[in-house]
Each structure stands twice: as C-alpha cells, then as structure tokens.
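Taking it in order: structure first as structure tokens, then the write-up.
Residue numbers (UniProt numbering): 1 to 109.
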C-alpha cells in the first residue's frame, strides 16, 4: 500500500536490506513532516502577530476617535460659554443704558 502525500510506496520488510531502506524512507518522510510542521508553525506565529497588531491598531484608532470627539466637545463647550458671557454682558449694558436714561429723565423732570 501507498501512504498518500508522502511519496512512500509499499514498504518491504522481507530482508535486512529492504528493512533498512524502509527505515531510510520513513526518516525522509519524517523530516518532510517536520519541515512542514515548522513552516506551518511559522505561518501561525505570523498570523498571531498580525492579529495582535491589528487589534492594537483598532484600539489606537478608537482611542484617537474618542480624543477627537472629546476635543470637539470641549471646543463647543468653550464656544457656548463665550457666547453666554457675551449675551450676559450685552444684557448688563442694556440695563445700565436703561437706568441711565431713567436717571437723566428724573434729573430733567
């Protein structure tokens, strides 16, 4: 019988010479399996590092987006406070203006 994917044909163990040849064939197949396992392990490690890197990039992107949103919120809060101060100042000026005109009228009247 043949073992698929190994390139090994039927192993004959009829004599010491054929058994020795079979052992050599098996050692070659084991080396190939080891090489394939090594290659697969390296690929798995690469994929693991890539996955971790992508997860880190996602976290950094989400953090940056949060900082941008926070910065916009802070800017808008500052603008709103400025506008409120301007409105209060304007109202105070109007009150003073109205009270002065009232004082002038009382002095004249």
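C-beta: ideal position from N, C-alpha, C; glycine also. What you are looking at is a predicted structure, and each value in this text was computed from that prediction instead of being measured.
{"Check": "By how many angstroms is the C-alpha of residue 64 removed from the C-alpha of residue 92?", "Outcome": "42 Å"}
{"Check": "Give the single residue among 10, 37 and 38 whose Cα lies nearest to the Cα of residue 25.", "Outcome": "10"}
{"Check": "Which one of 14, 32 and 37 has the shortest CA to CA distance from residue 8?", "Outcome": "32"}
{"Check": "Need the endpoints of the alpha helix (DSSP H) that residue 10 sits in, please.", "Outcome": "Neither: residue 10 is in no alpha helix (DSSP H) and is coded neither H nor E."}
{"Check": "Can you grab the Cα-Cα spacing for the pair residue 43 / residue 61, in whole Å?", "Outcome": "27 Å"}
{"Check": "How about residue 13 and residue 22: are their beta carbons less than 8 Å apart?", "Outcome": "yes"}
{"Check": "Leaving out five residues on either side along the sequence, give the residues of the same chain with a beta carbon under 8 Å from the beta carbon of residue 15.", "Outcome": "none"}
{"Check": "Just to confirm my understanding: we take residue 18, look at its own chain, exclude 5 residues before and 5 after, and list those with CB closer than 7 Å. What are they?", "Outcome": "12"}
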